[in-house]
Amino acid sequence: MSRVRVFKADEILLALEPYRPYPFKIKEKIDKNKLLSMYFDGYPQLVKTDKLSELTPYNLKIEKNIMVQMRDGTKIAVDIYRPDVENEKFPALLAWGMWGKENQEVVFWLRDSPQPYWFSPLWDGSLEAGDIPFLVSKGYAVVIPDPRGIGKSEGGPITGIDELHNPNDIYDLIEWIALQQWCNGNIGMIGPSSYSFSQLLIAQNPPPHLKAIFPIEAWYIGETSFTGMFDLTLMGIFHGGHIYDSTLPVAHFGAPRSMKLLPKDILEFRIKELLDHPDIKFNSKVRSILMYPRDPVFFDALLSWLHPTGVLGGLEKIEIPIYIGSTRGGGARVYYHAGFEAYDKAVSKFKKMIFLPPGLPARPWVEYSDEVIRWYDYWLKGIDTGIMDEPPIKIFVSGINKWKFENEFPPARAQWTKFYPLLGGGLSTEPPSSGIESFTQPPPYEDPTVYALFYESMPLSEDIEIIGWVSFYLEASIDKTDINWFIDLIDIYPDGKKQFVSEGWLRGSFRTLEEAKSKPWLPIYKIQDPIPITPGRVERYVIRMSPAAHVFKAGHKIGIIIRTQEDLFGRLQRAGVIFLPRMEKITVNVVLGSNTYILLPITNKGKIE
Numbered sequence: 001m002s003r004v005r006v007f008k009a010d011e012i013l014l015a016l017e018p019y020r021p022y023p024f025k026i027k028e029k030i031d032k033n034k035l036l037s038m039y040f041d042g043y044p045q046l047v048k049t050d051k052l053s054e055l056t057p058y059n060l061k062i063e064k065n066i067m068v069q070m071r072d073g074t075k076i077a078v079d080i081y082r083p084d085v086e087n088e089k090f091p092a093l094l095a096w097g098m099w100g101k102e103n104q105e106v107v108f109w110l111r112d113s114p115q116p117y118w119f120s121p122l123w124d125g126s127l128e129a130g131d132i133p134f135l136v137s138k139g140y141a142v143v144i145p146d147p148r149g150i151g152k153s154e155g156g157p158i159t160g161i162d163e164l165h166n167p168n169d170i171y172d173l174i175e176w177i178a179l180q181q182w183c184n185g186n187i188g189m190i191g192p193s194s195y196s197f198s199q200l201l202i203a204q205n206p207p208p209h210l211k212a213i214f215p216i217e218a219w220y221i222g223e224t225s226f227t228g229m230f231d232l233t234l235m236g237i238f239h240g241g242h243i244y245d246s247t248l249p250v251a252h253f254g255a256p257r258s259m260k261l262l263p264k265d266i267l268e269f270r271i272k273e274l275l276d277h278p279d280i281k282f283n284s285k286v287r288s289i290l291m292y293p294r295d296p297v298f299f300d301a302l303l304s305w306l307h308p309t310g311v312l313g314g315l316e317k318i319e320i321p322i323y324i325g326s327t328r329g330g331g332a333r334v335y336y337h338a339g340f341e342a343y344d345k346a347v348s349k350f351k352k353m354i355f356l357p358p359g360l361p362a363r364p365w366v367e368y369s370d371e372v373i374r375w376y377d378y379w380l381k382g383i384d385t386g387i388m389d390e391p392p393i394k395i396f397v398s399g400i401n402k403w404k405f406e407n408e409f410p411p412a413r414a415q416w417t418k419f420y421p422l423l424g425g426g427l428s429t430e431p432p433s434s435g436i437e438s439f440t441q442p443p444p445y446e447d448p449t450v451y452a453l454f455y456e457s458m459p460l461s462e463d464i465e466i467i468g469w470v471s472f473y474l475e476a477s478i479d480k481t482d483i484n485w486f487i488d489l490i491d492i493y494p495d496g497k498k499q500f501v502s503e504g505w506l507r508g509s510f511r512t513l514e515e516a517k518s519k520p521w522l523p524i525y526k527i528q529d530p531i532p533i534t535p536g537r538v539e540r541y542v543i544r545m546s547p548a549a550h551v552f553k554a555g556h557k558i559g560i561i562i563r564t565q566e567d568l569f570g571r572l573q574r575a576g577v578i579f580l581p582r583m584e585k586i587t588v589n590v591v592l593g594s595n596t597y598i599l600l601p602i603t604n605k606g607k608i609e
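Per UniProt numbering, numbering of the sequence shown is gapless, rising by one per residue and ending at 609.
Shown next as structure tokens:
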């Protein structure tokens, strides 16, 4: 009987139902150790004052297209939303992102019906500047610019993402805000994704009046994001191909930088190298970017795919107070690791993190606005809201859909436990005898079926909680010189339903580790040209997976899936969340034994409610 099964992405649930997060307020005093052992129905908040609820709602005043001059003379257009009162000064919240200030006003009529990721056909990831009317009603001015090259702002043409998040421009705008007659000089920043990227950049060299940041759904190009895979998700995000995203509102792009910076012979070599590569040769959509370089960001990304030069650093320079929102698997993969890397590397004495539910937050982004107010009431208004008395990390635990506090991530109590795939499809903590299981994956232009090996434990005798990074150790041989590895960790219900827990991926030719930086549960890969795999030789791969916080209930099974291709018919993949597919037929021989296992951080056992 063949062990090879067909993988279908939509058989795995990203979430059991649309989940709308809400706060769980803790008004009584609770011993900190007990607090760390408790689970809450909503994200927990210690309440020390009633001042938040006593604030007088302010009416809204709107000032549109105020032109602010940057240090090089370029003027950018800014919209200001602030309390409609005279002779009173307020702290300001800057939302700096690349998605166009005009469209952010959708929040005025959709704030009571934010669209959930995955479940709504109208989720638009560009609606990220925050709950403007709510924030103003709580006594804050909200400032939203169009970066240079967008809308009525001067400047351009744009050739890269960094120009849309220019730290000098952000610095200059913050200092301009501080001088306005309605501002008290205390400024924070808000927003997910692009709006979080700008925060993580400017916080490395903050202007004097930037007091704190709140980069929820943090995105950054860091070392934990590098796997050698070419992620096409950003192409979908930029061009309206991800779910229902708006198109990036840049009027026109300039020529790719690589065309200006690379010597002609190297440029021509790299273009030919890519055009001859089977993964691009058989992918007309990606090939067309090279033939007609109308998108400089992706043209440059393609030219650096096989010759990576590095990632952004600087997170270790962040000293100002920071509250990070970190995503888990189940959504666009560009986000998975950035928040955790920022939390680990920031040297701020005042840092917090919230580990969000599966998928991405609803749009327009209005969820957790009360956390924004608690954070900034403390740092910008001097109100002791209780937020700094809480343990630093809040975590949503899937499987039971509850929240809890932690002191660190991964928790110090985590017991790193190996689960070994077994011949025949089992999964056990006992090392197995060696064996080989094989499958062949055709290229999708011949057969889009995804073939995979599935492994599952026996039904669990007790609840098992895991919180932390997950990694998969694999020994295998292949008959080609490169491979895309995909590993899925799933929760298998007694009725056969499958729920997503974590996923990992690695381009085989980028398998070399930075040994000094890596941890058993967190491999870091060397950023260097790919090293081809020798066909037929057994190689070792350490595959970093997305952080997890999940309870496998008693009676459920822990499941592992090993595959080399994505389901191009999957709902999320058709919605633009996809890696560049491999376009070669490949046969895989997985070597089972003591060196092939998944490493799970077990933090609790027994009955967990």
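Beta carbons are placed, not taken as given, at the ideal position from N, Cα and C, and that holds for glycine.
Measuring only the C-alpha atoms, how far is residue i from residue j?
i, j, result
"Val470", "Thr481", "26 Å"
"Ile280", "Lys29", "60 Å"
"Val551", "His165", "39 Å"
"Pro601", "Pro520", "11 Å"
"Gln415", "Lys585", "39 Å"
"Tyr420", "Ile533", "24 Å"
"Asn205", "Phe214", "16 Å"
"Ile76", "Asn59", "26 Å"
"Phe439", "Val4", "6 Å"
"Pro444", "Lys557", "31 Å"
"Ser434", "Ile562", "17 Å"
"Ser258", "Phe299", "8 Å"
"Asn589", "Tyr597", "15 Å"
"Lys8", "Gly73", "54 Å"
"residue 618", "Pro411", "As shown, the chain starts at 1 and ends at 609. That puts residue 618 outside it, with no answer to give."
"Ile243", "Val538", "39 Å"
"Leu572", "Gly331", "8 Å"
"Glu515", "Ile524", "8 Å"
"Gly399", "Lys553", "7 Å"
"Val107", "Asp10", "31 Å"
"Val198", "Ile144", "This sequence places Ser at residue 198; Val is not what is there. So the two alpha carbons sit approximately 13 Å from each other."
"Leu173", "Leu13", "43 Å"
"Lys402", "Ile490", "18 Å"
"Pro207", "Glu175", "7 Å"
"Val47", "Pro21", "18 Å"
What does DSSP give as the partner residue(s) for residue i in the beta ladder?
i, result
"Ala346", "Partner(s): none; Ala346 has no beta bridge."
"Ala476", "Glu539, Val590"
"Val142", "Tyr81, Leu93"
"Trp469", "According to DSSP, Trp469 bridges with nothing at all."
"Leu46", "Ile26"
"residue 612", "This structure gives no information on residue 612, because the portion of the chain shown stretches from 1 to 609."
"His239", "Thr247"
"Lys272", "The partner list for Lys272 (beta bridge, DSSP) is empty, contrary to what the question assumes."
"Val68", "Ile76"
Looking at the structure shown, is residue i part of a helix, part of a strand, or coil, going by DSSP?
i, result
"Ala362", "coil"
"Thr233", "helix"
"Gly313", "coil"
"Gly559", "strand"
"Leu122", "coil"
"Ala178", "helix"
"Phe510", "helix"
"Ile170", "helix"
"Ala548", "strand"
"Pro520", "coil"
"Val501", "strand"
"Thr159", "coil"
"Asp131", "coil"
"Ser193", "coil"
Shorter than 7 Å from the beta carbon of residue i to some beta carbon of chain D?
i, result
"Gln104", "Given the protein chain composition of this structure (a single chain), no chain D is represented."
With respect to 6 Å, is the separation between the Cβ of residue i and the closest non-hydrogen atom of the ligand SAM below this value?
i, result
"Val588", "Here there are no bound small molecules, and the ligand SAM is not part of this structure."
Answer yes if the region 417-433 comes into contact with the region 444-457, meaning at least three C-beta pairs across the two stretches below 8 Å, and no otherwise. yes
Does the contact criterion of 3 or more C-beta pairs under 8 Å hold for the region 334-342 versus the region 217-237? yes
Every unbroken alpha helix (DSSP H) inside the region 366-419 [4 residues or more]: 369-381
Validate contact between the region 528-538 and the region 492-504 using beta carbons, cut 8 Å, 3 pairs: no
Count the C-beta pairs between the region 131-148 and the region 68-83 that are closer than 8 Å, then say yes if the count reaches three, no if not. yes
Using a Cβ distance threshold of 8 Å, determine whether the region 357-371 contacts the region 110-128, with at least three qualifying pairs required. yes
Should the region 155-165 be regarded as contacting the region 238-255, the criterion being three or more beta carbon pairs within less than 8 Å? yes
Segment contact, 8 Å Cβ cut-off, at least three pairs: the region 366-374 with the region 575-583: no
Three or more beta-carbon pairs under 8 Å between the region 384-392 and the region 235-243, yes or no? no
Closer than 8 Å is the cut-off here; do at least three beta carbon pairs connect the region 281-295 with the region 167-181? no
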